[in-house]
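Protein chains in written order, with the numbering used here: chain V, 204 to 318; chain A, 3 to 118. The beta carbon of each residue, even a glycine, is placed where N, CA and C say it ideally should be. Below is one structure; the comments refer to it alone.
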Amino acid sequence: DGGITQSPKYLFRKEGQNVTLSCEQNLNHDAMYWYRQDPGQGLRLIYYSQIVNDFQKGDIAEGYSVSREKKESFPLTVTSAQKNPTAFYLCASSRVGGALNQPQHFGDGTRLSIL
Amino acid sequence: AQKITQTQPGMFVQEKEAVTLDCTYDTSDQSYGLFWYKQPSSGEMIFLIYQGSYDEQNATEGRYSLNFQKARKSANLVISASQLGDSAMYFCAMREVSGGYNKLIFGAGTRLAVHP
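Next comes the structure, spelled out in structure tokens:
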């Protein structure tokens, strides 16, 4: 079945440590997205990409970095510069162009906590 | 800038009854799209229904329907015949097109509890 796989499901970070969250999709989607969700709140966009080797900052990109070396993969690194990284991280993908009703498809998320 | 407002932090409904979850939006675009997603306690986001700004009919998908009032800039989700499995967070989102990129702007969400 096609879908989006995020790993790991739970991740713990020590102070001053960088951690990388994995996101892989086999939906043949061109666009991929990373969102952050804090308890009781909506999703905020961190980074997004519509093509390999190109990505754009979202609303809260500070302290995060991404790469898009392959169409299927869009890993997110939470750097030590992100002072409050504890949150639920969701990866999504979608088609580019086509009908306007194309939704974004989401993975199951990674829950990141500070040790 | 575009904005989505969901004013109901929490709602509860009796099983088998209908419930309306509110969503208002702000945009200066003539062409836009509105999405509703469901987020169960497990965390994944499930796409429910879409309404385009030029759609003449209100969108429907099974037990889900949209009460779309363009002049009032509202796109309320109606869930009919509520089931216990409908208990979840519900998010309204708007498509934003900027510099050739499509993004979604999300509201803060409404937590729905269905009581037996």
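query: In terms of residues, what are the limits of the beta strand (DSSP E) holding LEU318 of chain V?; result: First-last for LEU318 of chain V: undefined, no H or E at that position.
query: Does LEU86 of chain A come out as helix, strand or coil in the three-state DSSP assignment?; result: helix
query: Taking Cβ positions, are ILE207 of chain V and GLN240 of chain V nearer each other than 7 Å?; result: no
query: Whole angstroms are fine: how far does the CA of LEU303 of chain V sit from the CA of LEU79 of chain A?; result: 19 Å
query: According to DSSP, is ASP145 of chain V part of a helix, a strand, or is it coil?; result: The structure shown does not extend to residue 145 of chain V, since chain V spans only 204 to 318, so no value can be given for it.
query: Note down the Cα distance separating SER296 of chain V from GLY64 of chain A, rounded to an integer number of angstroms.; result: 25 Å
query: Which residue from V:ARG298, V:VAL281 and V:ARG314 puts its Cα closest to that of SER252 of chain V?; result: V:ARG298
query: Measuring only the C-alpha atoms, how far is TYR377 of chain V from THR62 of chain A?; result: Since the first and last residues shown for chain V are 204 and 318, residue 377 of chain V lies out of range.
query: Label LYS40 of chain A either buried or exposed according to how many other C-beta atoms from any shown protein chain fall within 10 Å of its C-beta, with 16 as the threshold for buried.; result: buried
query: Closest to GLU265 of chain V by C-alpha separation, out of V:GLY219, V:ASN231, V:GLN307 and V:ALA284, would be which residue?; result: V:ALA284
query: Is GLN209 of chain V close to chain A? Criterion is C-beta to C-beta, closer than 7 Å.; result: no
query: Distance cutoff 7 Å, beta carbons only. Does PHE309 of chain V sit that close to anything in chain A?; result: yes
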